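Below: one structure, written as structure tokens.
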Amino acid sequence: MSSQHLNDIGHEPAVEGVCGESSPGRGYDCAVADCLFCKIIAGDIPAERVAESSRTLAFRDINPQAPTHVLVIPKDHYPDLGSLASSDAGLLAELALQAQQVAEAEGVAAGGYRVVFNTGAEAGQTVFHVHAHVLGGRRMAWPPG
Ligand code: 5GP
Ligand code: ZN
103 MSSQHLNDIG HEPAVEGVCG ESSPGRGYDC AVADCLFCKI IAGDIPAERV AESSRTLAFR
163 DINPQAPTHV LVIPKDHYPD LGSLASSDAG LLAELALQAQ QVAEAEGVAA GGYRVVFNTG
223 AEAGQTVFHV HAHVLGGRRM AWPPG
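Using this note's numbering, read the sequence shown as starting at 103 and increasing by one per residue.
The structure is reproduced here in structure tokens:
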């Protein structure tokens with residue numbers, strides 16, 4: 103594959119027919135039909151977008167749990183933190199960077215903010231497209247509920 107077929111950070115584009123399935127070296131790398139967050143990425147469901155990069159999107163949570171509550175997601179579909187980390191650690195790092203940038207833009211970085219990946223139903227994950235909750239603007243309790 104020539105370089106013109108690679109995206110801006112050198113990854114191969116998604117291949118049709120593997121949506122939602124793991125493929126060697128790629129993981130889950132295209133939109134999944136009935137995934138809520140894939141629909142937000144596609145613009146099929148509206149969301150208040152606050153930041154975007156070529157591979158990530160940040161938008162406000164519809165049911166905020168703090169004055170700042172933003173979700174940061176990869177544009178490629180991975181169901182949870184483990185599948186993302188094992189398939190594309192660089193993309194996970196991009197999520198962390200965007201979480202920090204959102205916290206700075208929201209004015210909560212200096213005071214402190216929390217990043218949460220609910221992973222699995224028992225931990226409270228309800229949308230199985232990996233997302234970082236970025237929470238700030240109030241004092242956080244520990245341990246979490
Ligand atoms: P989880 O429970 O999976 O960790 O987090 C899912 C989050 O998605 C919840 O905080 C929930 O409020 C948020 N959410 C669910 N549906 C929508 C939606 O349609 N739009 C937005 N912006 N957030 C949503
Ligand atoms: Zn998805």
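Just so you know, even glycine gets a beta-carbon here, dropped at the ideal spot from N, CA and C. Keep in mind it's a predicted model, so treat the numbers as computed, not measured.
- The Cβ atoms of Ala207 and Gly238 do not sit closer than 7 Å to each other.
- For Val204, the enclosing alpha helix (DSSP H) covers residues Ala191 to Glu208.
- Closest option to Pro176, judged by alpha-carbon separation, among Gly209, Val134 and Val210: Val134.
- Counting only the Cα atoms, Gln167 lies some 22 Å from Pro181.
- In the DSSP annotation of this structure, the continuous segment of the alpha helix (DSSP H) that includes Ala144 starts and ends at Leu138 to Ala144.
- Distances from the CB of Asp163 to the heavy atoms of the ligand 5GP include at least one below 6 Å.
- In this structure, Thr228 has its beta carbon less than 6 Å from a heavy atom of the ligand 5GP.
- Ranked by Cα distance from Val236, the options Arg216, Ala243, Leu138 and Ala225 are led by Arg216.
- Put simply, the residues with a CB less than 5 Å from any heavy atom of the ligand ZN are Val134, Cys137, Phe139, Cys140, His179 and His231, in chain order.
- Asp190 counts as buried, since no fewer than 16 other beta carbons sit within 10 angstroms of its beta carbon.
- Between the C-alpha atoms of Gly192 and Ala198 there is a straight-line separation of about 10 Å.
- In this structure, Leu194 and Ala187 form a Cβ contact; the two beta carbons are roughly 5 Å apart against a cut-off of 8 Å.
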